[in-house]
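Notes to accompany the following structure.
Residue numbers (our numbering): 6 to 152.
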């Protein structure tokens, strides 16, 4: 708790263990795990194909690294959310929504990124869109609202 906001930091175990909560957590973590897996695999592909400037340019390195870092953070937020952290829940809501917007921009803007990376970003975007829908759903919003 802080001096300005007397809200509890964590959600009760009883609320966390409701079947509906557990299902939402499980689905969100699966999607975030897929996002992380795709991102790490993409970094490996970038490293393997680094000698071909038509396939891997500077923008691909930067974007691939940033996405992998954000995927790792997103996974940490999802894990902490499942343990009842309101702050992690809020961060996951923000991160998933912002990354979907950034991915839409990457996929729709011409140039800079090769087609294979736009497809990879589209897959990541679909995973994050699913996360955003789950964490912004009525059940989790009500679960993490300060009572």
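Glycine included, every Cβ here is placed at the ideal spot set by N, Cα and C.
> Between residue 130 and residue 112, which are expected to be in contact by the criterion C-beta below 8 Å, what is the C-beta distance as a whole number of angstroms?
Replying inline: Working through the chain shown from its first residue, we reach residue 130 at position 125. Working through the chain shown from its first residue, we reach residue 112 at position 107. So it is a contact: roughly 7 Å between Cβ atoms.
> If you follow the alpha helix (DSSP H) that residue 44 is part of, which residue opens it and which one closes it?
Replying inline: Translated into the one-based positions of the chain shown, residue 44 becomes position 39. Per DSSP, residue 44 belongs to the alpha helix (DSSP H) from 24-53.
> If you draw a straight line from the alpha carbon of residue 86 to that of residue 119, how long is it in whole angstroms?
Replying inline: The residue given as residue 86 occupies position 81 in the chain shown. The residue given as residue 119 occupies position 114 in the chain shown. Going from the Cα of residue 86 to the Cα of residue 119 covers about 35 Å.
> Is the stretch 96-105 touching the stretch 24-32, taking contact as three or more C-beta pairs under 8 Å?
Replying inline: no
> Where does the unbroken alpha helix (DSSP H) through residue 61 begin, and where does it stop?
Replying inline: Locating residue 61 in the chain shown gives position 56, where the first residue counts as 1. Run containing residue 61: none; DSSP gives neither H nor E here.
> Roughly how many angstroms lie between the CA atoms of residue 173 and residue 89, to the nearest whole one?
Replying inline: Residue numbering for the chain in the displayed model covers 6 to 152; residue 173 lies beyond these limits and cannot be assessed.
> DSSP state of residue 17, grouped into three classes?
Replying inline: What you label residue 17 is simply residue 12 of the chain shown in a count that begins at 1. The answer is coil: DSSP assigns residue 17 none of H, G, I, E or B.
> Rounded to whole angstroms, how far is the Cβ of residue 80 from the Cβ of residue 50, which I believe are closer than 8 Å?
Replying inline: In the chain shown, the residue the question calls residue 80 occupies position 75. In the chain shown, the residue the question calls residue 50 occupies position 45. Residue 80 to residue 50, Cβ: 20 Å. No contact.
> Can you tell me where the alpha helix (DSSP H) with residue 113 in it begins and where it stops?
Replying inline: Taking the first residue of the chain shown as 1, we reach residue 113 at position 108. First-last of the alpha helix (DSSP H) with residue 113: 91-113.
> Who are the near neighbours of residue 72 in its chain, counting only those whose CB is closer than 6 Å to its CB and skipping five residues on each side?
Replying inline: Residue 72 sits at position 67 when you count from the first residue of the chain shown. Cβ neighbours of residue 72 beyond the five flanking positions: 44.
> In terms of residue numbering, what span does the alpha helix (DSSP H) encompassing residue 88 cover?
Replying inline: As a working mapping, residue 88 is identified with position 83 in the chain shown. Note, residue 88: premise wrong, no alpha helix (DSSP H); not H, not E.
>> Here's the rule I'm using: 16 or more other beta-carbon atoms within 10 Å means buried, otherwise exposed. How should residue 140 be labelled?
In response: Here residue 140 corresponds to residue number 135 of the chain shown, with the count starting at 1. Residue 140 is buried by the Cβ-count criterion.
> Does the distance from the CB of residue 133 to the CB of residue 109 come in under 8 Å?
Replying inline: Your numbering for residue 133 matches position 128 in the chain shown. Your numbering for residue 109 matches position 104 in the chain shown. No, the pair does not count as a contact, with Cβ atoms beyond the cut-off.
>> For residue 147 and residue 40, I'd like the C-alpha separation in whole angstroms.
In response: One-based indexing of the chain shown puts residue 147 at position 142. One-based indexing of the chain shown puts residue 40 at position 35. Their Cα atoms are separated by approximately 26 Å.
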